[in-house]
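Shown next, in structure tokens, is the structure this report addresses.
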Amino acid sequence: MVTFGERVRELRRARKWTQNDLADRLGLDRTTISKWERQGGSEPDIATIDKLANVFDVNTDYLLGRTNDPTPINTDDLPQTVAPYLVDGLKELTPEARKEVMDFIEYVKVKYAKKDGDDKK
Amino acid sequence: MIPTHFLFQLADYEGIAIEWRDMHHVQGIYIHAPGAYKPVIALSNTLHTQERKLRCVLAHELGHHFLTAGHHAIAASTTNRIYASKNEHLATKWAVNLLVPTDVFLECINDGMDFYELVDYFYVLPDWIRFKSDLIKLDEQHTGTIGGS
Chain A
1 MVTFGERVRE
11 LRRARKWTQN
21 DLADRLGLDR
31 TTISKWERQG
41 GSEPDIATID
51 KLANVFDVNT
61 DYLLGRTNDP
71 TPINTDDLPQ
81 TVAPYLVDGL
91 KELTPEARKE
101 VMDFIEYVKV
111 KYAKKDGDDK
121 K
Chain B
1001 MIPTHFLFQL
1011 ADYEGIAIEW
1021 RDMHHVQGIY
1031 IHAPGAYKPV
1041 IALSNTLHTQ
1051 ERKLRCVLAH
1061 ELGHHFLTAG
1071 HHAIAASTTN
1081 RIYASKNEHL
1091 ATKWAVNLLV
1101 PTDVFLECIN
1111 DGMDFYELVD
1121 YFYVLPDWIR
1131 FKSDLIKLDE
1141 QHTGTIGGS
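Heads up: the sequence lines are chains A and B, in that order.
Numbering (my numbering) for the first sequence: 1 to 121.
Numbering (my numbering) for the second sequence: 1001 to 1149.
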């Protein structure tokens, strides 16, 4: 069975990240990563395991070496990129999503509207 | 795999502005009104720590840019589905073909890569590998190979 430390190292190396790169993404110190990856090293708390799963886009069992299937469990949070052709039209957005889109349109109008022309010179 | 920074370079080259936004119900938006303002892609700040998803969302929004080619367009990818005024399927298809080129994909399958190795190799969401196999309509033998997880 793969240990947690081995899994972290394997995932990190697959992404060509240094221990520093990973530490930065987690807001931790490099030495913490190094301790995890060392044989018989320390282990993170649950909140950090959760963050790791997000950073690597894997499920937590995979991190802990309990499964070899890395597919993230929380599929609600994944874009269902295979099903988009089932729906059509912004009116189908949830009210919250529609508001975010509308806010962005307003933002773009203000920020970018005049920048296309050079009439401000 | 196509490096993630390549996607940003492509956007830059195309004159598309990237805006990181504090969005929780939408992951990506492509918007363009020719004559009024330049094309802009919005990306949710939540993607900062999820590079794999970021790649898929950004490539998808770039797909809208290339497919709408200078016409009015607005498209939004939400957290659970992707919505748009039109051509949603085509944008995903465009994006999948960018991140998972057919020749490389077939080479990997011939090399015996399994499903999750492909997912990691191209560094995309698992659904995208499934979609890619649908796209190129693998024959029975190949389907058996990559579907056998």
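In this text, a Cβ means the ideal position worked out from N, Cα and C, and glycines have one as well.
Under the three-state reduction of DSSP output, R1021(B) falls in the strand class. Within the DSSP secondary-structure output, S1044(B) pairs in a beta bridge with R1021(B). DSSP, read as helix, strand or coil, puts K16(A) in coil. Counting along the chain, Q1009(B) sits inside the alpha helix (DSSP H) bounded by residues T1004 to Y1013. A distance below 7 Å between beta-carbons, with the five flanking residues on each side excluded, links A1011(B) to the following residues of its chain, in chain order: I1018, I1041 and L1062. Judged by beta-carbon spacing, V55(A) lies within the 8 Å limit of L26(A), meaning their Cβ atoms are closer than that value. Per DSSP, the beta-bridge partners of A1033(B) are Y1037(B). Ranked by how close their Cα comes to the Cα of E106(A), the residues Y1037(B), Y1013(B), T1068(B) and H1025(B) have Y1037(B) in first place. When the beta-carbon positions are compared, W1020(B) and L1043(B) come within less than 8 Å of each other.
Taken through DSSP and simplified to helix, strand or coil, I1074(B) comes out as strand. Interface annotation for the segment 1-18 of chain A against chain B: A14 and R15, criterion Cβ-Cβ distance under 8 Å.
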